[in-house]
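Per full-length UniProt numbering, the very first residue in the sequence shown carries number 1; after that it's consecutive.
The structure under discussion appears below in the form of structure tokens.
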Amino acid sequence: MSGTDDRVAVAASDVWPEDVEDDETAVVVNWFAREGRRVEEGETICEIQIEKVSIDVPAPVTGELVAIERGEDAELTREDVLAYVAPG
Numbered sequence: 001m002s003g004t005d006d007r008v009a010v011a012a013s014d015v016w017p018e019d020v021e022d023d024e025t026a027v028v029v030n031w032f033a034r035e036g037r038r039v040e041e042g043e044t045i046c047e048i049q050i051e052k053v054s055i056d057v058p059a060p061v062t063g064e065l066v067a068i069e070r071g072e073d074a075e076l077t078r079e080d081v082l083a084y085v086a087p088g
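Written out as structure tokens, the structure is:
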């Protein structure tokens, strides 16, 4: 298979508050990083909003942001992947 197997998902579930219902939706408010840009582990790469609460989404690893799966203003659920980072 291709090198995409090495990608690390930026999952909504990693930052989803425990007190928010599973059937709630969130909205991507802003992307601070763009595809192709190097990101550092823990760096805020985007912001989502759930029930009027803004949540910073950090990069899970240091590497290149290779794919944004949900753009600004997109709705998402706890199960969705926001983006992928290729470690390195």
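We treat Cβ as the ideally placed atom computed from N, Cα and C, and that holds for glycine.
Could you check if G63 is buried or exposed, using at least 16 other CB atoms within 10 Å of its CB as the buried criterion? Walking along the sequence shown from the start, residue 63 turns up at place 63. So G63 counts as buried.
Beta-carbon proximity check, V66 vs V81, cutoff 9 Å: As a position in the sequence shown, residue 66 is number 66, starting the count at 1. As a position in the sequence shown, residue 81 is number 81, starting the count at 1. Taking 9 Å as the Cβ cut-off, V66 and V81 do not qualify as a contacting pair.
Among A26, F32 and V39, nearest to A12 - alpha-carbon criterion: Indexing the sequence shown from 1 puts residue 12 at position 12. Checking every option, the nearest Cα to that of A12 belongs to A26.
Thinking P58 and E43 are a contact (beta carbons under 8 Å), I'd like their distance in whole angstroms, please. As a position in the sequence shown, residue 58 is number 58, starting the count at 1. As a position in the sequence shown, residue 43 is number 43, starting the count at 1. Their Cβ separation, rounded to whole angstroms, is 6 Å, which keeps P58 and E43 in contact under 8 Å.
Helix, strand or coil at D56 according to DSSP, with G and I counted as helix: For the purposes of this step, residue 56 is identified with residue 56 of the sequence shown, where counting begins at 1. The answer is strand: DSSP assigns D56 an E or B state.
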